[in-house]
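Chemist: Under my numbering, the first residue of the sequence shown is numbered 3, with each subsequent residue one higher.
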Amino acid sequence: MLASQLISNVPAALLLSGFTCQWSDLIVGCNLGGLGTLIASMASLISYKFLVREYPAQRKKYFAWFTLCNVGLLGILLTANSFLAA
Numbered sequence: 003m004l005a006s007q008l009i010s011n012v013p014a015a016l017l018l019s020g021f022t023c024q025w026s027d028l029i030v031g032c033n034l035g036g037l038g039t040l041i042a043s044m045a046s047l048i049s050y051k052f053l054v055r056e057y058p059a060q061r062k063k064y065f066a067w068f069t070l071c072n073v074g075l076l077g078i079l080l081t082a083n084s085f086l087a088a
């Protein structure tokens, strides 16, 4: 999940797949890793690009709101996953 915050979740999954045999953990981590930062998912970057093109004055507000919502949802889902995995 942390690697997906620095690079997109799909490249993170490909990068890490050669270092683990714990496939279910890798799948959950990379799927949840698509939340969080703007970089975590290519779809998020594409939507940000479209928004900035159409509404350049809203760039900072969107980025702040996007980050707050995504980090919050990531926290909720990580907590739920820890209860389900236990």
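Each residue gets a CB set at the ideal place from its N, CA and C atoms; glycine is no exception. All figures in this text were calculated on a predicted structure; none of them were measured in a lab.
Confirm, please, whether the CB-CB distance from S43 to S10 is below 8 Å.
Modeler: Taking 8 Å as the Cβ cut-off, S10 and S43 qualify as a contacting pair.
Chemist: Just to confirm, are C32 and A59 a CB contact at a threshold of 8 Å?
Modeler: Cβ distance not < 8 Å, so C32 and A59 don't count as in contact.
Chemist: Alpha carbons only, please: which of S19, S6, F21 and V30 is nearest the one belonging to T81?
Modeler: Out of S19, S6, F21 and V30, V30 has the C-alpha closest to the C-alpha of T81.
Chemist: Taking all protein chains shown into account, decide if G77 is buried (16 or more other Cβ within 10 angstroms of its Cβ) or exposed.
Modeler: Exposed is the call here.
Chemist: Using a Cβ-Cβ cutoff of less than 8 Å, which residues in the same chain neighbour L37 once the five nearest sequence positions on both sides are dropped?
Modeler: Hits under 8 Å: S43, N72, V73, L75, L76 and L79.
Chemist: Under three-state DSSP, which class holds I9?
Modeler: Three-state result, I9: coil.
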